[in-house]
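Worksheet for the structure shown next.
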């Protein structure tokens with residue numbers, strides 16, 4: 002029986018997206034959050050995955066951040082094992098040292114250093130997070146993640162998770178109006194006008210109608226700002242209880258159909274207008290201090306309701322949309338700007354992709370295109386009408402040269418160069 006028991010376990014349940022064998026979306030171009038600021042103290046060296054590769058992060062003695070490619074140009078030692086000495090990163094293998102500009106400044110032998118600089122990535126630190134710029138053709142940053150306002154007086158709380166899925170799915174959720182009722186339990190959700198797209202940014206507003214035993218029916222006003230496929234900044238206001246919360250959600254593509262997700266929250270409560278100012282301020286601060294952790298955990302639980310979906314879902318393009326879905330089609334047209342241009346021709350058989358490196362597939366398998374033997378496809382609009390789509394577009398027009406997402410096709414500005422939540426979410 003011992004041998005038979007060894008083979009008694011069977012595979013069952015939904016297959017995670019990163020092992021299902023489905024074609025992956027390419028890695029998105031742009032900024033990607035790889036750490037929280039508090040993780041990188043002076044002299045700290047961290048290694049984080051991004052787009053199928055390691056990125057080594059470190060903070061200099063001056064407090065400046067650096068992000069570099071992982072292997073020493075001398076003989077290939079992994080720089081995640083290096084140490085920071087003052088303003089230099091020192092490789093552990095032969096003690097070659099690299100200055101703040103990435104140039105080799107000394108060797109372990111007291112000989113002349115070679116002209117072999119580190120490969121560096123653009124890096125920025127904003128809103129309590131560290132972002133690294135990644136682009137499929139090495140282009141320099143042409144948009145930024147702005148500094149957001151801060152609510153409340155208490156430090157932000159943060160959490161990080163890893164799961165199967167793609168960064169676009171997380172950002173796309175913000176315009177998927179239907180799922181807020183079906184998955185998150187909102188009684189009703191309304192979108193406050195068209196989503197506004199401006200280059201690498203978009204904005205929308207929503208109002209949720211909810212009810213609770215003590216509060217009865219109440220509304221929640223939500224303002225969303227999106228920056229690339231890198232970050233969502235969400236302002237939430239619940240007038241009935243005076244709660245104001247800022248939530249930052251930052252998905253990062255780390256491998257084909259695999260991602261890390263970071264969330265950062267700050268909150269405060271309005272000062273009661275009917276109370277004298279000093280007492281109102283004390284009430285607001287006390288409520289914030291007492292409820293801070295509980296509200297953060299509730300916010301994480303709200304996000305985590307999507308985890309099993311993202312962990313197992315397939316990206317379907319073109320989608321078969323219905324009334325009530327929300328403006329998913331326009332969002333996907335806008336999101337095209339963050340991917341490599343599509344090839345003129347591509348295979349159409351199910352389960353196959355164009356021959357490129359992992360994570361950069363020119364995916365045209367079933368679920369990524371509706372291509373037929375005639376070389377044409379048809380997409381379905383929200384009202385169920387079918388309309389022809391030219392070959393190679395996979396249902397979404399490609400951006401104009403220069404990465405435009407404008408409706409008129411003009412170029413945008415380009416500057417110079419296992420299932421469910423992870424076992425132990427990193428909540429602070």
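Residue numbers (my numbering): 2 to 429.
Beta carbons: idealized from backbone N, C-alpha and C, even for Gly.
These numbers were taken from a predicted model, which means no experiment stands behind them.
Go to residue 279, then tell me how far its alpha helix (DSSP H) extends in each direction, as first and last residue. Within the chain shown, residue 279 is the residue found at index 278, counting from 1. Taken as a continuous stretch (DSSP letters only), the alpha helix (DSSP H) holding residue 279 covers 278-305.
Residue from 260, 31, 304, 254 with nearest C-alpha to residue 175: Mapped onto the chain shown, residue 175 falls at position 174. When only C-alpha atoms are compared, the closest one is 304.
Helix, strand or coil at residue 266 according to DSSP, with G and I counted as helix: Translated into the one-based positions of the chain shown, residue 266 becomes position 265. Note: residue 266 maps to strand in three-state DSSP.
Once the 5 residues before and after residue 113 are set aside, which same chain residues still bring their CB inside 7 Å of it? One-based indexing of the chain shown puts residue 113 at position 112. Closer than 7 Å at Cβ, skipping near neighbours: no residue.
Does residue 20 pass the burial test, meaning 16 or more other C-beta atoms within 10 Å, or should it be called exposed? On the chain shown, position 19 is the one that residue 20 refers to. Classification of residue 20: exposed, given that the 10 Å Cβ count is below 16.
Report the three-state DSSP secondary structure of residue 188 (helix, strand or coil). In the chain shown, counting from the first residue as 1, residue 188 sits at position 187. Looking at residue 188 - three-state DSSP - the assignment turns out to be coil, as it is neither helix nor strand.
Quick check: the stretch 84-98 against the stretch 49-62, are there 3 or more CB pairs under 8 Å? yes
What separation, rounded to the nearest whole angstrom, lies between the Cα atoms of residue 263 and residue 5? Within the chain shown, the letter at position 262 stands for residue 263. Within the chain shown, the letter at position 4 stands for residue 5. Distance between the alpha carbons of residue 263 and residue 5: 43 Å.
Taking Cβ to Cβ, would you say residue 123 is nearer than 7 Å to residue 147? By one-based count along the chain shown, residue 123 stands at place 122. By one-based count along the chain shown, residue 147 stands at place 146. Against a cut-off of 7 Å, the Cβ pair of residue 147 and residue 123 comes out as no contact.
Is the stretch 218-227 in contact with the stretch 235-247, if contact means three or more CB pairs nearer than 8 Å? yes
Tell me the DSSP secondary structure of residue 75 in three-state form. Here residue 75 refers to the residue found at position 74 when the chain shown is read from its first residue. Three-state DSSP puts residue 75 in coil, outside helix and strand.
Closest Cα partner of residue 177 within the set 69, 84, 268, 332: As a first step, residue 177 is located in the chain shown; it is residue number 176 there, counting from the start. If we check each option's Cα against that of residue 177, 332 comes out closest.
Can you tell me where the alpha helix (DSSP H) holding residue 224 begins and where it ends? Taking the first residue of the chain shown as 1, we reach residue 224 at position 223. Here residue 224 belongs to no alpha helix (DSSP H); instead the beta strand (DSSP E) covers 217-228.
Range of the contiguous alpha helix (DSSP H) that encloses residue 181: Numbered from 1 along the chain shown, position 180 holds the residue referred to as residue 181. Counting along the chain, the alpha helix (DSSP H) containing residue 181 begins and ends at 178-183.
Is the stretch 302-317 touching the stretch 121-137 in the sense that three or more CB pairs, one from each, lie closer than 8 Å? no
Beta-bridge partners of residue 261, as assigned by DSSP: Against the chain shown, residue 261 aligns to sequence position 260. In DSSP, residue 261 forms a bridge with 163, 253.
Per DSSP, cross-strand counterpart(s) of residue 238: For this step, residue 238 is matched to residue 237 along the chain shown. Bridge partners of residue 238: 222, 245.
Residue 188 versus residue 327 - alpha carbon distance: Walking along the chain shown from the start, residue 188 turns up at place 187. Walking along the chain shown from the start, residue 327 turns up at place 326. Cα-Cα distance, rounded: 16 Å.
Report the rounded CA-to-CA distance for residue 172 versus residue 71, giving the unit in angstroms. Translated into the one-based positions of the chain shown, residue 172 becomes position 171. Translated into the one-based positions of the chain shown, residue 71 becomes position 70. One C-alpha to the other measures close to 28 Å.
Would you please state the rounded distance, in angstroms, between the beta carbons of residue 339 and residue 164? I believe it to be under 8 Å. On the chain shown, position 338 is the one that residue 339 refers to. On the chain shown, position 163 is the one that residue 164 refers to. The Cβ separation is near 21 Å, so there is no contact.
Need the endpoints of the alpha helix (DSSP H) that residue 331 sits in, please. What you label residue 331 is simply residue 330 of the chain shown in a count that begins at 1. Taken as a continuous stretch (DSSP letters only), the alpha helix (DSSP H) holding residue 331 covers 329-336.
Let me check one thing: in DSSP terms, what residues is residue 210 bridge-paired to? The residue given as residue 210 occupies position 209 in the chain shown. Bridge partners of residue 210: 189, 220.
Quick check: what's the CA-CA separation for residue 389 versus residue 330? Residue mapping note: residue 389 aligns to position 388 of the chain shown, counting from 1. Residue mapping note: residue 330 aligns to position 329 of the chain shown, counting from 1. The pLDDT assigned to residue 389 is 31, lower than 50, so where the model puts this residue is not dependable, and the model offers no usable value.
Quick check: residue 79 and residue 97, are their CB atoms within less than 7 Å of each other? Mapped onto the chain shown, residue 79 falls at position 78. Mapped onto the chain shown, residue 97 falls at position 96. Going by C-beta atoms, residue 79 is not nearer than 7 Å to residue 97.
What separation, rounded to the nearest whole angstrom, lies between the Cα atoms of residue 334 and residue 10? Reading the chain shown from its first residue, position 333 is the one you call residue 334. Reading the chain shown from its first residue, position 9 is the one you call residue 10. Cα-Cα distance, rounded: 44 Å.
Of the residues 232, 312, 67, the one placed nearest residue 125, counting alpha carbons only: As a first step, residue 125 must be located in the chain shown, where it is residue number 124. Considering only alpha carbons, the answer is 67.
Under 7 Å between the Cβ atoms of residue 158 and residue 297? To locate residue 158, count along the chain shown from 1; it is residue 157. To locate residue 297, count along the chain shown from 1; it is residue 296. Taking 7 Å as the Cβ cut-off, residue 158 and residue 297 qualify as a contacting pair.
Relative to the C-alpha of residue 160, which residue among 265, 202, 22, 317 is closest? In the chain shown, the residue the question calls residue 160 occupies position 159. When only C-alpha atoms are compared, the closest one is 265.
Run of the beta strand (DSSP E) containing residue 86, from where it starts to where it stops: The residue you call residue 86 lines up with position 85 of the chain shown. It spans 84-86 - the beta strand (DSSP E) in which residue 86 sits, taken as one unbroken run.
Where do the ends of the alpha helix (DSSP H) carrying residue 170 lie? The residue given as residue 170 occupies position 169 in the chain shown. Counting along the chain, the alpha helix (DSSP H) containing residue 170 begins and ends at 168-173.
What residues in its chain sit with their C-beta under 7 Å from that of residue 211, if we drop five residues either side in the sequence? For the purposes of this step, residue 211 is taken as the residue at position 210 of the chain shown. Only 187, 188, 219, 221 meet the Cβ criterion.
Would you mind giving the Cβ-Cβ distance between residue 169 and residue 336, rounded to the nearest angstrom? I have them listed as a contact below 8 Å. The residue you call residue 169 lines up with position 168 of the chain shown. The residue you call residue 336 lines up with position 335 of the chain shown. Residue 169 to residue 336, Cβ: 6 Å. Contact.
Going by Cα to Cα distance, which pick from 94, 109, 313, 342 is closest to residue 15? Translated into positions along the chain shown, residue 15 becomes position 14. Ranking 94, 109, 313, 342 by Cα distance to residue 15 puts 313 first.
Do you know how far the Cα of residue 229 is from the Cα of residue 111? The count along the chain shown starts at 1 and reaches residue 111 at position 110. The count along the chain shown starts at 1 and reaches residue 229 at position 228. Straight-line Cα distance between these residues: approximately 46 Å.
Rounded distance between the beta-carbons of residue 267 and residue 152, thought under 8 Å: Within the chain shown, numbered from 1, the residue matching residue 152 stands at position 151. Within the chain shown, numbered from 1, the residue matching residue 267 stands at position 266. Residue 152 to residue 267, Cβ: 5 Å. Contact.
Classification of residue 288 by the beta-carbon crowding that lies within 10 angstroms, buried from 16 upward: If you number the chain shown from 1, residue 288 lands on position 287. The residue is buried, with at least 16 neighbouring Cβ atoms inside 10 Å.
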